[in-house]
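The numbering of the sequence shown is numbering that gives the first Met the number 0, which starts it at 0 and goes up by one.
Below is one structure, written out as structure tokens; the observations come after it.
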Amino acid sequence: MKTIIEPFKIKSVEPIKFTTLGEREDALRRGSYNLFLVPAEEVLIDLLTDSGTAAMSADQWAGMMRGDESYAGARSFYRFERAVRDLTGFKHVIPTHQGRAAEKILFSLLGGKGKIVPNNTHFDTTRANVEFSGAEAVDFPTAEGTDPDTVAPFKGNMDVHELEGFIENVGAEAIPLCMVTITNNSGGGQPVSMRNLRETREVCRKHGIPLFLDACRFAENAFFIKQREPGYAHRPIRDIVQEMFSYADGATMSAKKDAIVNMGGFLALNDDALAQNARNLLIVTEGFPTYGGLAGRDLEAIAQGLEEVLDEHYLQYRIRSVEYLGEQLTAAGVPILQPPGGHAIYLNAKKFLPRIPPAQYPGQALVVDLFRRGGIRSVEIGSVMFGKYGTDGSLIPARMELVRLAIPRRVYTQSHIDYVIEVVIECFEHREELKGYRIIEEPPVLRHFTARFEPM
Ligand SMILES: *Cc1c(COP(=O)(O)O)cnc(C)c1O
């Protein structure tokens with residue numbers, strides 16, 4: 000196979016700042032070894048998240064100038080509505096300022112005490128919004144989906160058998176909707192197969208439960224289906240996307256992912272009464288139904304991004320570039336969550352640093368070392384993020400200790416990725432020298448954002 004090249008040329012560039020080892024060590028001390036507390040300007044390659052960090056195209060920037068800022072019925076809204084409708088087929092399209100605002104509206108209307116919402120794996124804001132409404136969020140990943148070393152094509156799938164047993168057990172009346180997250184973000188950016196969507200749909204229909212997609216990475220999911228699922232190799236991405244949405248009654252979306260913009264989202268659905276209630280809530284919390292939480296120019300950029308993300312050269316470059324990063328690290332013996340996901344590589348810090356126990360946060364040690372050696376910012380997804388304390392004050396660790404390298408869309412080139420590979424391998428070669436961390440200050444909730452650390 001030939002080198003995968005970026006399917007674009009660069010029109011506008013933004014310098015990144017090279018720093019010395021001493022400067023990076025100083026930045027770490029000032030940020031108390033928490034990379035969320037290090038200013039972005041001091042980061043060379045920023046792989047903290049793929050959310051809202053994309054580079055927009057020339058056509059998207061041109062759309063920003065064409066944006067219609069009328070309060071009601073703006074031309075940009077209708078373009079946005081057409082773009083979403085064309086892909087999803089849903090009757091009602093409701094713009095929000097980001098994905099979680101769509102979730103807040105949906106679960107305010109359908110959640111509540113005594114209700115249960117199943118998902119292949121809830122993303123953290125989705126879970127938070129379900130639980131904030133008083134309802135319970137339950138995950139049904141497959142067995143292979145939760146094993147970090149199993150290589151399988153669709154590790155994001157819903158365990159349909161478990162789901163059906165659960166519905167029969169608690170009764171369909173308790174379940175206002177079922178969700179499927181594509182790709183499965185918390186499960187490692189792993190895709191969901193069309194067959195699994197169809198089977199989930201069947202179970203839901205049998206029990207009269209509406210099915211919603213958490214559709215943030217719908218295009219990446221569609222590309223995986225094209226590559227991996229029998230019968231889809233020759234189908235255009237748009238067709239695959241349309242088929243995916245045809246099995247659902249609605250969707251929530253963060254445009255900060257596969258709409259390739261820096262801010263935005265939507266709720267889309269078929270049910271007239273539910274849409275009416277959603278718009279009523281939207282007016283209170285986000286804005287008038289033809290702009291939601293967004294400016295007209297944002298709606299233009301989203302509409303354009305939803306077109307561009309279907310380009311197979313773009314998706315090929317995107318998925319291949321992440322896969323290449325995973326392949327090179329695996330070849331060097333670096334333990335990663337297999338197989339590479341759509342938007343990120345997850346380093347397995349438990350295997351990377353087996354001598355550092357979970358209570359000394361091996362993932363954090365690795366995050367710090369990646370920055371110290373190479374100016375790379377990553378994020379710990381392990382006991383810093385999900386650890387809890389027992390009644391005796393000891394740490395109850397997370398199930399996995401991972402470090403996520405999330406790749407922003409269209410921002411970095413192949414040589415940036417090669418540099419990342421070199422730095423990770425350098426950290427791996429020096430892994431015996433790494434020490435654990437202790438937390439010296441932390442807030443009561445979401446501690447990973449602001450906790451302060453100290454090397455052991
Ligand atoms: C990012 C994300 C969300 C939330 O979207 P925001 O725009 O960050 O509010 C919900 N679900 C999944 C799967 C996501 O990746």
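Don't be surprised by glycine CBs; every beta carbon is placed ideally from N, CA and C.
Would you decide whether A294 is buried or exposed? Buried here means 16 or more other CB atoms lie within 10 Å of its CB.
-> A294 should be labelled buried.
* **Segment contact, 8 angstroms Cβ cut-off, at least three pairs: the segment 341-357 with the segment 264-278** => No, the segment 341-357 does not touch the segment 264-278.
Could you spell out where the alpha helix (DSSP H) holding P361 opens and where it closes? Segment P361 to G373, the alpha helix (DSSP H) holding P361.
- Selection from R372, A267 and D45 that minimises the alpha carbon distance to G21: Ranked by Cα distance from G21, the first of R372, A267 and D45 is R372.
Check your understanding: Is it the case that the Cβ atoms of R409 and A53 are separated by a distance below 7 angstroms?
Key -> Taking 7 angstroms as the cut-off, the beta carbon of R409 is found closer than this to the beta carbon of A53.
If the criterion is Cβ atoms closer than 7 angstroms, does the pair L47 and R437 meet it?
The answer is no: Cβ separation not under 7 angstroms.
**Prompt:** Taking the DSSP output, what are the residues bridged to P117?
**Reply:** Assignment of beta-bridge partners to P117 by DSSP yields V137.
Reduced DSSP category for R437 - H, G, I as helix; E, B as strand; rest coil: In the three-state scheme derived from DSSP, where H, G and I count as helix and E and B as strand, R437 is classed as strand.
Using 7 angstroms as the threshold, is the C-beta distance between G386 and T95 below it?
It is not a contact, given that the beta carbons lie outside the stated cut-off.
Requested in this report: With DSSP as the reference, label V42 as helix, strand or coil.
Outcome: Residue state, collapsed to three classes: coil.
Quick check: does the Cβ of F122 come within less than 6 angstroms of any heavy atom belonging to ligand 1? Yes, the beta carbon of F122 sits closer than 6 angstroms to at least one heavy atom of ligand 1.
Is the Cβ-Cβ distance between A302 and F79 less than 7 angstroms?
-> F79 is positioned such that its CB atom lies closer than 7 angstroms to that of A302.
Checking 7 angstroms against the spacing of the C-beta atoms, do T251 and G98 come in under that value? With a cutoff of 7 angstroms on beta-carbon distance, T251 and G98 are scored as near each other.
**Prompt:** For P140 versus G186, is the C-beta distance shorter than 7 angstroms?
**Reply:** Result yes, Cβ atoms of P140 and G186 sit closer than 7 angstroms.
M64 - containing alpha helix (DSSP H), residue span: First-last of the alpha helix (DSSP H) with M64: A57 to R65.
- Task: With hydrogens ignored, establish whether the beta-carbon of C215 is closer than 6 angstroms to any heavy atom of ligand 1.
- Result: At least one heavy atom of ligand 1 is found less than 6 angstroms from the C-beta of C215.
Same chain, Cβ closer than 6 angstroms to R74, five either side skipped, listed in chain order: The beta carbon of R74 sits closer than 6 angstroms to the beta carbons of D67 from its chain, once the five residues preceding and following it are set aside; these are given in chain order.
Checking the sheet assignment: what are the DSSP bridge partners for Y345? Y345 pairs with R403.
Notebook entry, point to check: Going straight from the alpha carbon of R200 to that of P396, what length do you get?
Noted result: Their Cα atoms are separated by approximately 35 angstroms.
**Asked** Name the DSSP bridge partner or partners of D213?
**Response** In DSSP, D213 forms a bridge with T180 and T251.
Cβ neighbour criterion (16 or more within 10 Å) applied to G110
Within a 10 Å sphere around the beta-carbon of G110 sit 16 or more other beta-carbons, which makes this residue buried.
Practice prompt. Quick one: residues in its chain with C-beta nearer than 7 angstroms to the C-beta of K225, no 5 flanking neighbours on either side, listed in chain order?
Written response: So the qualifying residues of the chain are Y231, A232, R234, I236 and I239.
Express the C-alpha separation of M55 and M384 in angstroms, rounding to a whole number. If I take the Cα positions, the gap works out to 30 angstroms.
| query | Across which residues does DSSP place F79 in a beta bridge pair? | reply | F79 is bridged by DSSP to nothing; it lacks a bridge partner.
Q. Whole-angstrom Cβ separation of Q327 and I420, contact assumed at under 8 angstroms?
A. About 5 angstroms; that satisfies the 8 angstroms criterion.
Cα-Cα separation between V191 and D310, rounded to whole angstroms
Approximately 20 angstroms between the Cα atoms of the pair.
Whether T120 touches D138 by CB criterion (7 angstroms) = Using a Cβ distance threshold of 7 angstroms, T120 and D138 count as a contacting pair.
* Grab me the residues of D49's own chain with a C-beta within less than 8 angstroms of its C-beta, minus the 5 sequence neighbours each way, in chain order. => The answer, listed in chain order, is K256, H342, A343, A405, I406, P407 and R408.
Review point. Do T180 and ligand 1 come close, with the Cβ less than 6 angstroms from some heavy atom?
Key: Distance from the C-beta of T180 to the nearest heavy atom of ligand 1 is below 6 angstroms.
Am I right that F287 and A100 are in contact with their C-beta atoms under 8 angstroms? What's the rounded C-beta distance?
In this structure F287 is not in contact with A100, their Cβ atoms being roughly 14 angstroms apart against a cut-off of 8 angstroms.
Query raised in the report: Taking the Cβ atom as the reference point for each residue, do A136 and V116 lie within a distance shorter than 7 angstroms?
Result: In this structure, V116 lies closer than 7 angstroms to A136 by Cβ.
Output needed for Y246: all residues of its chain with C-beta closer than 8 angstroms, excluding positions within five of it in sequence on either side, in chain order. So the list reads L196, R197, T199, R200 and L210, once near-sequence residues are dropped.
- Task: Could you tell me the distance, in whole angstroms, from the CA atom of H91 to the CA atom of T145?
- Result: If you draw a straight line from the Cα of H91 to the Cα of T145, it is about 35 angstroms long.
Return the Cβ separation of T182 and G340 in integer angstroms, given the expectation that the two are a contact with Cβ distance under 8 angstroms. Going by Cβ atoms, the distance from T182 to G340 rounds to 7 angstroms, so yes, they are a contact pair.
Residues that Y388 bridges to, as DSSP identifies them
The partner list for Y388 (beta bridge, DSSP) reads L394.
Worksheet entry | Close-in-space but distant-in-sequence residues of the same chain around E102 (CB under 7 angstroms, 5 per side omitted) | Excluding five sequence positions before and after E102, the CB atoms of its chain that fall closer than 7 angstroms to its own CB belong to T124, T125, N128 and T251, given in chain order.
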